[in-house]
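Report on the following structure.
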Amino acid sequence: MKPQETQKPAANSVLDQRKRQVVTKGDALFDIACETKSVAGSVSQRACVFCGSRVVLYPLADALHLVHGPIGCASYTWDIRGALSSGPQLHRMSFSTDLSEMDIILGGEKQLYRCLVELIDAYRPKAAFVYSTCIVGLIGDDVEAVCAQVSREKGLSVIPVFSEGFAGTKKDGYKAACDALGRLLGTGSTEGIVPHAINLLGEFNLAGETWLIKDYYRRMGVDVVATVTGDGRIDDIRRMHGAALNVVQCSGSVMHLAKRLKEQFGQPYIRVSYFGVEDTAKALYDVAEHFGDAAMMDRARALVREEVAALMPELMCIKKDLAGKRAAVYVGGSFKAFSLVRALRLLGMGTVLAGSQTGTKEDYRELEKICDPGTVIVDDTNPLELCAFLKEKGCDLLIGGVKERPIAHKLGLGFCDHNHERKKSLAGFVGMLNFAREVQATVMSPVWQFVPRPSGAAERTP
Ligand code: SF4
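Residue numbers 605 to 1066, in this note's numbering, belong to the letters of the sequence shown in order.
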């Protein structure tokens, strides 16, 4: 084994302007700074506004998605989510107006008009979304006017998404996507919607999760009108105001829409998570409780008993391997971080660092409550900080997204992808078992005995 490097304390890697965005539980009164623009000089893991809007709207499978800008923006977000569709696959195409130098000089409106007309004629979508990128914001194309003209001529909704990349943070992109969806709300018939009907918001069907969750609710006697946006359809969004309740999973991305539905149509909403056994069960119970239906609650309890009984024996075996191991969690939204801390605890693992790109103060307060003393809680971190804390705290696993994967690999840590691109469902009871298997396979891999251990890491016993 190589001698361990001498490390400066990880806190020294935090830029002065970011000091209030990093807090260790138990050190002082918890008062984390968040919901701010990324600090200059900090290589934030956040994506741009356009990317934020693209990830929310992308799974709408019967819509045309046209990126108005240079080809790079479309390429950057091509097939950005593993958003499965049970029908049309139009969302998988990445269309771009491919603006070039002359369009930038003379304006891109004619190019946008030509592309929209050609694509609508060729693909006959249910609606079209036009995403503004940085350069469109700079040259000042009137995207709204072109969309309105094509909408009139072609007789379908052509919706501008005001998502210029520089105009804020990824979270502003979520809002731009919700505003775009807002134009469809209330435009369809609610005929045939039963009283016990809900919408699933912030569920993106990365690997079939939407189908699994819908099935849980179906077994409880609850219909799902629309999913925003996993396996999504335009006509469902048009009639979603007819459901009795909005069940919001990824609240960071779609809370703006939930609030709008409440204001406009009086629809209540609840926040849930489908990651981990406890949180999935609670998501089902909370819906049954909302309807105040004893028989529905009985069905939910029976479902949870059956599902938990099926997975517990294997989970307990996995726990024997993982007990005492340590993980770090850095994800997009902090609501998912809560569930992951709890799910890791069920597997006997501790969490040494937990953070997110877009958490709110309220989220972080909740996260602090469920973390153990000594856990580092970070908002909008960067690779240098993350590396320093991972080395100092010592852990066996990093859970994150595509941008965190190389960090884990360079440090010789196991990695679990819990973000857009994954191909295996990690939601619901089955998802908890998939998660546990993946964590076990990663953490217990014999490969780690050949990799130099980061300074400060706990002894590995593969
Ligand atoms: S919108 Fe701007 S920041 Fe986003 S990918 Fe395009 S050029 Fe880059």
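C-beta: ideal position from N, C-alpha, C; glycine also.
It should be emphasised that the depicted structure is a prediction, and the values quoted were computed from it without experimental measurement.
| Asked | Found |
| --- | --- |
| Continuous alpha helix (DSSP H) stretch holding Phe895: start and end | Val881 to Phe895 |
| Reduced DSSP secondary structure (H/G/I, E/B, other) of Asp934 | Asp is not the amino acid found at residue 934; the sequence shown has Tyr there. Note: Tyr934 maps to strand in three-state DSSP. |
| Any non-hydrogen atom of the ligand SF4 within 7 Å of Cys1020 CB | no |
| Rounded distance between the beta-carbons of His695 and Pro674, thought under 8 Å | No, Pro674 and His695 are not in contact; Cβ-Cβ is about 21 Å, not under 8 Å. |
| Span of the alpha helix (DSSP H) around Glu795 | Where Glu795 is concerned, there is no enclosing alpha helix (DSSP H), given that its DSSP letter is neither H nor E. |
| Tyr820 Cβ short of 7 Å to the ligand SF4 heavy atom set | no |
| Reference Ser648; option with closest CA among Lys774, Thr791 and Ala637 | Lys774 |
| With 16 other Cβ atoms within 10 Å as the buried cut-off, status of Val1006 | exposed |
| Leu922 vs Arg1041 beta-carbon contact at 8 Å | Note that residue 922 is Ile in the sequence shown, not Leu. Result yes, Cβ atoms of Ile922 and Arg1041 sit closer than 8 Å. |
| Delimiting residues of the alpha helix (DSSP H) encompassing Tyr1067 | Absent from the structure is residue 1067, since the part of the chain shown begins at 605 and ends at 1066. |
| Cut-off 7 Å between Cβ atoms - residues of its own chain near Thr964, not counting five sequence neighbours on either side | Cys638 and Glu639 |
| Cross-strand partners of Tyr873 (DSSP beta bridge) | Asn850 |
| Distance, Gly741 Cα to Met697 Cα | 24 Å |
| Cross-strand partners of His669 (DSSP beta bridge) | Phe733 |
| Burial state of Glu918 (16 or more Cβ within 10 Å) | exposed |
| Thr737: CB within 7 Å of a non-hydrogen atom of the ligand SF4 | yes |
| Alpha-carbon spacing of Asp783 relative to Leu861, whole angstroms | 7 Å |
| Phe1039 to Pro1050 span [Cα, whole Å] | 19 Å |
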